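Below is one structure; the comments refer to it alone.
Protein chains in written order, with full-length UniProt numbering: chain A, 1 to 451; chain B, 1 to 347.
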């Protein structure tokens with residue numbers, strides 16, 4: 001202190017306590033606070049964007065899980081369904097859904113008259129239009145499965161058309177119905193009376209998760225059944241293909257391979273492959289698996305092979321990182337007590353690296369689950385209306401779609417009711433991803449070792 | 001299970017399924033092509049699966065051109081059976097097909113589709129003519145006998161009877177079949193109507209270049225090419241309510257609560273006016289069937305016949321309810337399909 005005064009530096013001396021802020025310190029502190037604010041700002045913005053995204057998806061999508069339906073008694077008239085009365089399955093199948101549609105319409109009108117509900121000037125055809133076009137198909141399946149029903153009167157619960165459903169959910173109003181060619185205000189007024197009489201009710205719709213896709217004319221019957229099965233099949237196949245190949249490649253590269261120009265090239269290429277746009281793998285899959293190997297297009301097997309190629313580099317990189325994280329002392333100790341290189345790897349290094357490998361694999365699978373682009377070229381972005389067979393009956397070769405594909409194809413349909421379904425499908429996809437990521441975190445927490 | 005065992009069993013499974021795949025005949029019909037035809041094809045596929053014992057056909061979109069290209073890749077299990085198309089097959093495609101062994105192609109015209117111009121439901125009504133569209137959107141127009149770059153900014157400048165609203169048109173991108181019809185029936189017609197065609201020829205262009213000049217649209221942001229689906233056009237239109245969008249008639253009929261349709265030369269588009277030919281902007285819809293697959297792929301013949309049955313493609317069928325303009329010559333097409341007559345050379 002005294003030296004400073006002696007050399008003549010003005011007045012700085014006595015105030016140079018670390019407890020008293022000078023101009024420079026204040027400036028440094030200010031810039032630190034600013035930096036913290038920037039960071040906080042960045043996080044706030046990303047949280048806000050995430051929140052807005054989730055909010056809009058849930059706002060638009062949660063209604064997809066609820067659906068309006070009509071319940072009324074239907075007399076399965078033997079004359080209409082089985083002219084000759086011999087219950088011959090071939091003859092029963094000859095009655096198309098058009099015949100069943102007429103039956104349903106007549107049954108609904110009859111029930112409305114019996115209940116004393118005024119049709120309010122709605123024509124018979126327009127009353128029939130309140131029933132989903134899926135209703136006749138559902139009834140036909142029921143009758144074909146159990147021909148004894150013919151002649152009986154059953155209580156049938158069938159979906160209401162998507163416009164009525166939209167009316168209950170607020171998407172369709174009297175004003176829009178006036179302009180809409182598919183529904184009239186009179187039909188909506190009739191719908192109000194149906195709700196009062198308890199014929200039309202809204203309930204949780206399990207069909208959204210189990211039914212297959214439906215055409216543009218019956219959004220109310222469209223479900224995620226085929227997409228969920230397709231995604232599960234693909235994830236299973238991707239898992240059993242990537243895990244062994246990825247782990248074997250990583251162990252070889254990390255523990256056994258000599259360090260030379262050849263392994264360097266492999267290493268660079270793995271990193272490059274991880275950055276290749278996913279659509280490229282779709283092009284490769286089309287050329288290799290469908291055109292060359294002759295595998296069936298639109299099948300989950302080809303989809304899984306393409307996604308395997310796409311996720312392998314990511315999984316190899318993650319696996320190598322977790323192998324490298326096992327301390328050399330473990331290997332040295334094992335080798336020191338006389339273990340062979342292979343014993344060292346399989347008895348000591350691999351078990352210790354396993355949590356990291358599994359986490360990497362699950363995160364790789366999660367990426368593959370959300371992928372649409374490569375599936376576009378191998379024919380999985382399609383309208384698939386029948387479920388694939390169980391895996392052992394060759395189900396991997398049957399056409400199917402996947403969850404992200406369903407989101408995409410519903411979003412591009414013309415009927416506004418599909419917007420709700422598309423958002424609902426995103427919710428299901430997000431649920432899948434959250435579950436997978438949670439599993440990855442749990443695995444890491446439970447088995448991870450720190451050194 | 002050790003990793004070695006795991007990987008061997010995985011490889012075994014792959015090998016097994018792959019050989020199984022090669023040996024098996026495809027069970028379901030594969031269809032690809034136009035996204036305009038896609039909703040019709042899905043409606044038919046769904047009803048088909050309900051009423052027949054065949055598995056539901058797999059229907060893909062992707063565009064008319066892409067569909068025909070895949071169709072012409074060859075004959076066999078791993079090629080598609082039907083190409084949906086919103087424009088007629090070209091000689092180029094037929095040549096490619098022939099080179100790859102696809103010689104017998106059945107051309108099926110199943111109906112017509114109107115192309116409509118629509119604005120926001122709350123905006124003013126539009127009564128357009130091809131001449132208005134050309135004058136508003138072409139890169140070069142004729143003013144007082146001279147060819148000048150187009151600088152109109154408001155519809156009222158184009159035609160005093162139109163609303164005073166900034167010009168903004170959302171037209172389908174060049175990869176769409178719809179664009180061809182738009183160019184041909186609206187822009188080119190307007191070009192001839194306004195006398196711009198003659199002016200271009202008088203200025204020294206031959207007929208082909210003059211046509212090209214007619215269909216060159218403005219690039220100053222007034223005409224926007226939409227490469228995606230009609231849903232993209234709709235969301236752009238909702239973002240900027242001044243816009244005039246180009247849609248398929250069926251898309252419009254499903255979105256009447258957000259869209260207001262413009263008349264064209266005084267005619268309101270509807271399935272009736274398109275069928276009678278009064279409404280000028282329409283096009284036929286086709287699908288092409290590979291005859292070599294007809295009795296090989298189970299359900300293919302039945303699907304095609306079902307598609308064209310009066311219950312489906314007829315004027316009271318579900319396709320018409322969705323917006324298809326039924327083909328008055330449907331009966332002739334039904335006979336052609338029953339006989340599986342391949343198409344002759346293009347005229």
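Idealized CB from N, CA, C, for every residue including glycine.
Just so it is clear, the structure is predicted and the values come from calculations on it, not from any experiment.
Asked                                                                                                                                                                                            : Found
Rounded to whole angstroms, what is the Cα-Cα separation between residue 8 of chain A and residue 34 of chain A?                                                                                 : The pLDDT assigned to residue 8 of chain A is 49, lower than 50, so where the model puts this residue is not dependable, and the model offers no usable value.
If we require 3 or more residues per run, which beta strand (DSSP E) segments fall completely within the stretch 150-183 of chain B?                                                             : 169-172
In chain order, what residues of the same chain have a beta carbon less than 8 angstroms from the beta carbon of residue 187 of chain B, not counting five sequence neighbours either side?      : 130, 133, 134, 137, 138, 214, 215, 217
Quick one: Cα of residue 101 of chain A to Cα of residue 48 of chain B, how far?                                                                                                                 : 15 angstroms
What's the call for residue 351 of chain A, buried or exposed, on a 16-neighbour Cβ count within 10 Å?                                                                                           : exposed
Within 8 angstroms (strictly less), CB to CB, does residue 179 of chain B reach chain A?                                                                                                         : no
Against chain A, which members of the stretch 310-331 of chain B pass a CB distance test of less than 7 angstroms?                                                                               : 311, 318, 322
My output table needs one value for residue 282 of chain B: the three-state DSSP class, helix, strand or coil.                                                                                   : strand
Give the residues from the stretch 214-237 of chain A that approach chain B closer than 7 angstroms (Cβ to any Cβ), ordered along the chain.                                                     : 214, 215, 216, 217
Residue 249 of chain A CB to nearest chain B CB: under 8 angstroms?                                                                                                                              : no
Output, in chain order, the set of chain B residues within a Cβ distance shorter than 7 angstroms of residue 412 of chain A.                                                                     : 229, 231
Please report the distance separating the alpha-carbon of residue 109 of chain B from that of residue 41 of chain B.                                                                             : 13 angstroms
At the level of alpha carbons, what is the spacing between residue 157 of chain A and residue 69 of chain A?                                                                                     : 7 angstroms
May I ask you to verify whether the stretch 307-324 of chain A touches the stretch 365-375 of chain A, counting CB pairs closer than 8 angstroms and requiring at least 3?                       : yes
At a CB-CB cut-off below 8 angstroms, which residues of chain B make contact with residue 159 of chain A?                                                                                        : Simply none; closest approach about 14 angstroms.
Quick one: residues in its chain with C-beta nearer than 7 angstroms to the C-beta of residue 413 of chain A, no 5 flanking neighbours on either side, listed in chain order?                    : 216
Give the DSSP-derived three-state secondary structure of residue 64 of chain B in the structure shown.                                                                                           : helix
Does residue 128 of chain A come out as helix, strand or coil in the three-state DSSP assignment?                                                                                                : helix
Going straight from the alpha carbon of residue 189 of chain A to that of residue 318 of chain B, what length do you get?                                                                        : 25 angstroms
Could you check if residue 23 of chain B is buried or exposed, using at least 16 other CB atoms within 10 Å of its CB as the buried criterion?                                                   : Annotation note: pLDDT 45 at residue 23 of chain B (below 50); position unreliable, no value reported.
I want to know whether the stretch 154-172 of chain A touches the stretch 113-120 of chain A - three or more CB-CB distances under 8 angstroms.                                                  : no
Residue 249 of chain B to residue 439 of chain A, Cα distance in whole Å?                                                                                                                        : 49 angstroms
Output the boundary residues of the beta strand (DSSP E) element that contains residue 82 of chain B.                                                                                            : 82-85
Any beta carbon from chain B within less than 8 angstroms of residue 422 of chain A's own beta carbon?                                                                                           : no
Determine whether the beta carbon atoms of residue 226 of chain A and residue 411 of chain A lie at a separation below 8 angstroms.                                                              : no
Expressed to the nearest angstrom, what Euclidean distance is found between the alpha-carbon atoms of residue 146 of chain A and residue 305 of chain B?                                         : 29 angstroms
With a CB to CB cut of under 7 angstroms and the five nearest residues on each side skipped, what residues in its chain are close to residue 343 of chain B?                                     : 105, 106, 107
Who are the near neighbours of residue 376 of chain A in its chain, counting only those whose CB is closer than 7 angstroms to its CB and skipping five residues on each side?                   : 282
Could you pull the start and end residues of the alpha helix (DSSP H) that residue 334 of chain B belongs to?                                                                                    : 330-339
Enumerate in chain order the residues of its own chain whose CB-to-CB distance from residue 179 of chain B is below 6 angstroms, with the five nearest sequence positions on each side excluded. : 172
Within the continuous beta strand (DSSP E) that includes residue 304 of chain B, where are the two ends?                                                                                         : No beta strand (DSSP E) holds residue 304 of chain B; the alpha helix (DSSP H) holding it covers 300-308.
Straight-line CA distance for residue 222 of chain A to residue 407 of chain A?                                                                                                                  : 12 angstroms
Output the boundary residues of the beta strand (DSSP E) element that contains residue 73 of chain A.                                                                                            : 66-75
Mind checking who residue 399 of chain A pairs with in its DSSP beta bridge?                                                                                                                     : A/299
Taking the beta carbon of residue 238 of chain B as the centre, do at least 16 other beta carbons fall within 10 Å, making it buried, or is it exposed?                                          : exposed
Along the stretch 40-65 of chain B, where does the CB come closer than 7 angstroms to a CB of chain A? Name the residues.                                                                        : 42, 43, 45, 46, 47, 49, 50, 51, 55, 56, 58, 59, 60
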